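Structure, as structure tokens:
Chains as they are written, first to last, in the UniProt record's numbering: chain A, 1 to 696; chain B, 1 to 696.
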């Protein structure tokens, strides 16, 4: 684990290089923020033109700043930064935050400057945050190297943002809502330190209970996944990714100057490493807030305690849409509620105590609900009523949920009259949401994460019986080719143990007939030609040939007809294949993602993959369980698992092919794309009927 | 149009019956609210035990209240209400709001009381709002018969809520956000006045620019659709429906004591009548706020003006996910921007002016974007920066967007430092959202509504060439049956002009062979038996019979085999059908919804309808265009329209069958369910191959 980042959050001394004495400068704002939130270390403004700023002694250069000094924050024009960085290195500083922009994000010249500072940093074994960022803050050490106005309350959320603006906007939004942060880091261009580095630091940081992340792009996807797989069994990661759509990805690219990559790969990576993907900025903090202080639900059965039916109905919809159920209360619970609540109250779940419900009734109902063994989580709804004090209700909720055995979320529907209640609830670690749909979404995310935690450890599937050398030889021979035809993909797949329909090449009618006899009838013929990729378009496939004479005739007809239609094509013979039995056809594919590497695809075969887009993705390497998950994530999974009472197909055979194809992709980076289309799946076993490989 | 409801919003005088002098009573709260917001009419508390309350003269009973008096608000225990209502009737009051609960929502006894007050009201031609509601308010007349603390700003949203709690929560939430309301009505049990009545009133009410509705159930679905179809071409209706899921519907039922019905019917009804369906409470007001004051977009091309790239990327995603595009700016626009903005700014769309952007730059960029002919709408993003004053940016936006040719929405990402800006923007009719995902969703809804407005008028498809009498006779004969077999559905479908595969009943091997000769080979045989619904399960279907002898043999074998397996089944003969040509199979069905009547279903045939749930719904009657829409809403629509360059199938033939089936359902309410499964569709024409009808 990476501990070297502590200096960015809790250094013993900080120099602000370029600190201005002019109050409307950003660097002045940073210096002021350094003084405002209880930071106990040395604060050293560096500015040759001032003696002191904000009552702090000013230094002419970094060399003259005395110890202790762990961190330098640079706010200077970009061209001045290399020399300053050199000076920092000489001074022995190993942690630097570069706030200034003017680097990669402004084009090639800036990119060159960015390479230069990275080279300097590496020479001095310095770690860099930025450039082009808004700095870091730590609510426990009091460090604040940002110029954002105000800070959040102290709490358990560690927030990492690639966008300083998103970070600033969020702080502005939550600062009066008592949503507690442990720390915040804005990473800008990530010239050195990336989101993954900070995730690793925060995973060990004591005050951080949940890691919230906003990213526009993850450069080293494999490293991110490895880190996340280590962290998420202990600490949740909630992440919002910009650039889910083509338009969003283009916006990210034009803004960051980097390629965003496909969201299918991101989504797969998040699923495979237990990262909770947020859909919106508010979603990110709605979920993080709950994970920071509430226990995880042990199941999906929720009790609703409310003083109004409408919001409870909206919450019920949201729970159902997020995989949760309305708990069936025990008769014991219902009779206890009946004995105490308004006689007209609903004691079935939702427990609707009606508009007149007072704080003691809330207390009693929540107590009963949490004690019910059929209840895994509770949501308390309060709609402001003229005669009920929300703060008192909040106190009762805090009191009852003190033991923290089961998660308790609340919806106090309003703003004006529930401000104080929110402060009390949030300070006590109980999330309060304004609208009733939110707790449903949040509990859904908590449940998903709880299930992830229960999963066994990650262990990538391993095969021994594949012939790497044979595969290397075939690919070596394919040297300059762009694509491999079936005659080449067959032995390649065979080398990795992927089951193929029985087949054999033949170069004359007689050879074909002989091959057919050996394979067994009926057979199919497929043309072998480096110039024909889509064989069926040119009459290059003949099916269901039943005897040697049919095979001979078909061979001759095929050769003549193609020679007529494509006189320039090189015809090297045919592939004779035994016709496979009936079965369910699926597709297994791979394309190489720029950030994550081999991205494996599974989907239903035929016209339906295109019509319904019924596909799922995973990043290789993957476990047997992940391979099975990716099948079940599609509708095709239902079809294979014994739809409408049919006997199920051989899922394990499909899993096997997925894993072997993944291994092949991992072993040979020169393979850009692969596809087995179709893989025909039987009640026992599966056979690849056709394959296609594109080299990079 | 219904104008009788004016007394509920702008009466000349109001009596509060049961007004208490005790400040912690709800009825006191109502009286106080009546005095707080500028209401100019008479306010008459009725309470025999007080002389005056809040300085207002108190009357011992309703009879003694002088004119003018248009509205009575009753806040008394339920049992006292019938007598009071009688007195109101005698006094000549024609508009009454009953705040009190204790009616249908508490069980059968309350339901009886509710029937009683409805009877009294109808005797006096009185209109009722409630019971069990929180009353009405009108920001222009100053009327406020609720006990909610505070009111929203004046504005253009008319809000109708079946739940008083949701209404109260919303007011509490928005009151300091400067989201303007014209009026609000909470309808409670809807004993008399329903959401549809108030929609009709608000459609003509001058201050109401958009009608926002929260409903838990719509009892008279057909009337609602008719009203909405009249209103939405002029005024938008945005609606949130609780009970979308099974769990939500059960919560609604237990809370309202009524059946919620299926959400498929609601969703279809909203689509067919131009109602914008909101997904959450915040969605309801996010959308309504924009529709109240902004013009509709003429197309889907959006310009983004921002001072930060991250939020612009998030907005880009949201735009793409909601059917909008990032506008391609003209070179003219880009060069103008280049000339004026920071040299490092992005002048392609999103227009990213970078963190230092000042109010004049916002003004210039927005001006340029709105002037670009490639732009249909603009979203302005501001992330608070230490040195930029959000209020000044707001002023510039207000100034530039004054002409209101194209919609302008804003996202000021924060809370603490953007409060004043929000007030200014909202007071000027420019929506400000906190998070960048929201304007994408809102513009999507605006675009959908704009397209609805451009549609031609509603005109249900009409057929003349169907034989209602013949159909009536068949159904009459089917009297006590629960289900109709194919022998009965065939003539019924024929009577309504639904094309059927050629077929004929036969009662002996010879008759069957003779029928086959007449129909043409190959043919299929299907057993006719009132005791066998699923023919294929018992060997009751034989396909592809090619000559008379095959037909005779198949007939005999079928009869013997079924007689052996089901000795008690009555076997009435077989249906001989010509085998239909190959084609694409679809399903057309109907079931009767308790609130909306005939709900028509279209979907892809075979295993895929169940696997993918690829179906769409519409409420009958429907237009040709709606029938076509429902096909295109499914993936099957793509398959029929000429997928992958294939020749398209005959969509109009499918439309025709949908409309004829709808007509049959409308004409004969005793048909509970119908299904044509499959309808085989050809390049020209379509044929029903099998049908099933269930009677109620």
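By construction, the Cβ of each residue, glycine as well, lies at the ideal position given by its N, Cα and C atoms.
Note that the coordinates shown come from a computational prediction; the quantities given were computed from them, not determined experimentally.
Should residue i be labelled buried (16 or more other beta-carbon atoms within 10 Å of its own) or exposed?
i, result
"residue 3 of chain A", "Unreliable placement is indicated for residue 3 of chain A, whose pLDDT of 48 sits below 50; no coordinate value is reported for it."
"residue 469 of chain A", "exposed"
"residue 11 of chain A", "buried"
"residue 207 of chain B", "buried"
"residue 264 of chain A", "buried"
"residue 647 of chain A", "exposed"
"residue 565 of chain A", "exposed"
"residue 146 of chain B", "buried"
"residue 1 of chain A", "Unreliable positioning characterises residue 1 of chain A in this predicted model, as indicated by a pLDDT of 34, which lies under 50. The coordinate reading is nonetheless provided below. Exposed, since its Cβ has fewer than 16 Cβ neighbours within 10 Å."
"residue 453 of chain B", "exposed"
"residue 178 of chain A", "buried"
"residue 439 of chain B", "buried"
"residue 90 of chain A", "exposed"
"residue 641 of chain A", "exposed"
"residue 345 of chain B", "buried"
Which residues mark the beginning and the end of the alpha helix (DSSP H) in which residue i is found?
i, result
"residue 32 of chain B", "26 to 36"
"residue 201 of chain B", "195 to 204"
"residue 511 of chain B", "509 to 519"
Which residues bound the beta strand (DSSP E) around residue i?
i, result
"residue 593 of chain A", "584 to 593"
"residue 541 of chain A", "541 to 545"
"residue 301 of chain A", "301 to 306"
"residue 410 of chain A", "408 to 412"
"residue 692 of chain A", "691 to 695"
"residue 675 of chain B", "671 to 681"
"residue 577 of chain B", "573 to 578"
"residue 15 of chain B", "13 to 17"
"residue 169 of chain B", "From DSSP, residue 169 of chain B is part of no beta strand (DSSP E) but of the alpha helix (DSSP H) over 164 to 174."
"residue 42 of chain A", "42 to 46"
"residue 158 of chain A", "154 to 161"
"residue 523 of chain A", "523 to 528"
"residue 600 of chain B", "597 to 604"
Any heavy atom of the ligand ZN inside 8 Å of the beta-carbon of residue i?
i, result
"residue 376 of chain A", "Among the ligands in the structure shown, none appear at all, so the ligand ZN cannot be discussed."
How close, in whole Å, do the beta carbons of residue i and residue j come, if the pair is a contact with beta carbons under 8 Å?
i, j, result
"residue 631 of chain A", "residue 654 of chain A", "6 Å"
"residue 480 of chain A", "residue 320 of chain B", "Not quite, the Cβ-Cβ distance comes to about 39 Å (not below 8 Å), so this is no contact."
"residue 174 of chain A", "residue 449 of chain A", "Not quite, the Cβ-Cβ distance comes to about 22 Å (not below 8 Å), so this is no contact."
"residue 471 of chain A", "residue 433 of chain A", "Not a contact, Cβ separation roughly 54 Å."
"residue 308 of chain B", "residue 337 of chain B", "With a Cβ gap of about 17 Å, residue 308 of chain B and residue 337 of chain B do not count as contacting."
Open item on the list: Any C-beta of chain A within less than 9 Å: which residues of the segment 155 to 173 of chain B qualify?
Closed with: Residues of the segment 155 to 173 of chain B with a Cβ closer than 9 Å to any Cβ of chain A, in chain order: 161, 162, 163, 164, 165, 166, 167, 168, 169, 170, 171, 172 and 173.
- [ ] Check distances from the C-beta atoms of the segment 361 to 394 of chain B to those of chain A and list, in chain order, the residues that come in under 7 Å.
- [x] Cβ contacts with chain A: 383, 384, 386 and 387.
Open item on the list: List, from N- to C-terminal side, the alpha helix (DSSP H) runs of 4 residues or more that fit wholly inside the segment 77 to 139 of chain B.
Closed with: At a cut-off of 4 residues, the continuous stretches assigned as alpha helix (DSSP H) that sit fully inside the segment 77 to 139 of chain B are 81 to 91 and 108 to 123.
Open item on the list: Just to confirm the assignment: which complete beta strand (DSSP E) runs, minimum length 3, are found wholly within the segment 435 to 497 of chain A?
Closed with: Within the segment 435 to 497 of chain A, no complete beta strand (DSSP E) run reaches 3 residues.
TODO: Select from the segment 409 to 434 of chain A all residues with a C-beta closer than 8 Å to any C-beta belonging to chain B, and list them in chain order.
DONE: Closer than 8 Å at the C-beta level to chain B, one finds these residues of the segment 409 to 434 of chain A: 413, 414, 415, 416, 417, 418 and 434.
- [ ] Could you pull out every unbroken beta strand (DSSP E) segment of at least 3 residues lying fully inside the segment 611 to 664 of chain B, listed in chain order?
- [x] Within the segment 611 to 664 of chain B, the runs of beta strand (DSSP E) at least 3 residues long that lie entirely inside it are, in chain order, 615 to 619.
- [ ] At 3 residues or longer, and completely inside the segment 206 to 236 of chain A: list those beta strand (DSSP E) runs for me, N to C.
- [x] For the beta strand (DSSP E) assignment, the uninterrupted runs of no fewer than 3 residues enclosed by the segment 206 to 236 of chain A are, from N- to C-terminal side, 210 to 215.
Open item on the list: Along the segment 94 to 106 of chain A, where does the CB come closer than 7 Å to a CB of chain B? Name the residues.
Closed with: From the segment 94 to 106 of chain A, only 106 have a Cβ closer than 7 Å to chain B.
Open item on the list: Counting only Cβ-Cβ distances shorter than 9 Å, please list the residues of the segment 310 to 335 of chain A near chain B, keeping chain order.
Closed with: Per Cβ criterion, the list reads 310, 311, 312, 313, 314, 315, 316, 317, 318, 319, 320, 321, 324, 325 and 326.
TODO: Would you list, in sequence order, the uninterrupted alpha helix (DSSP H) runs of no fewer than 4 residues that lie entirely inside the segment 306 to 350 of chain B?
DONE: Those alpha helix (DSSP H) runs which fall completely within the segment 306 to 350 of chain B and span 4+ residues are 309 to 321 and 331 to 340.
Open item on the list: Please identify, using Cβ separations under 7 Å, the residues of the segment 21 to 42 of chain B that lie next to chain A, in order along the chain.
Closed with: Closer than 7 Å at the C-beta level to chain A, one finds these residues of the segment 21 to 42 of chain B: 24, 26 and 29.
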